[in-house]
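Some notes on the structure that comes next.
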């Protein structure tokens, strides 16, 4: 199963690096969607796709941008995480297990 992680964010310069670092050990494709940040995060991560909205379009639009990209890249499932470190990367194995076991309706 091809599982992508999509992280929409805006003005999370202080947190986004921690989020990416926390999920990097799971070796899943990661898509960051910068929704018009004004804090100039100047992001550079290995093995991460960065998509950018020039202006703030809202979280829903950022999620859709990330989902559209992931689907076009071959995603079978998408896990959304917030860019402010509110979602614990340590919970990812639980989601992955359920997705891969077929124990959920996606």
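Residue numbers (the working numbering): 90 to 195. C-beta atoms are modelled at their ideal positions from N, C-alpha and C, and glycine is treated no differently. No experiment lies behind these values; they were computed from the predicted model shown.
In this structure, the alpha-carbon of residue 145 lies about 23 Å from that of residue 93.
Runs of the beta strand (DSSP E) lying entirely within the region 139-169, each at least 3 residues long, are 166-169 in chain order. The beta carbon of residue 182 sits closer than 8 Å to the beta carbons of 115 from its chain, once the five residues preceding and following it are set aside; these are given in chain order. Listed in chain order, the non-local C-beta contacts of residue 187 below 8 Å within the same chain comprise 193, local neighbours out to five positions each way being set aside. As the crow flies, the alpha-carbon of residue 142 is around 8 Å from that of residue 126.
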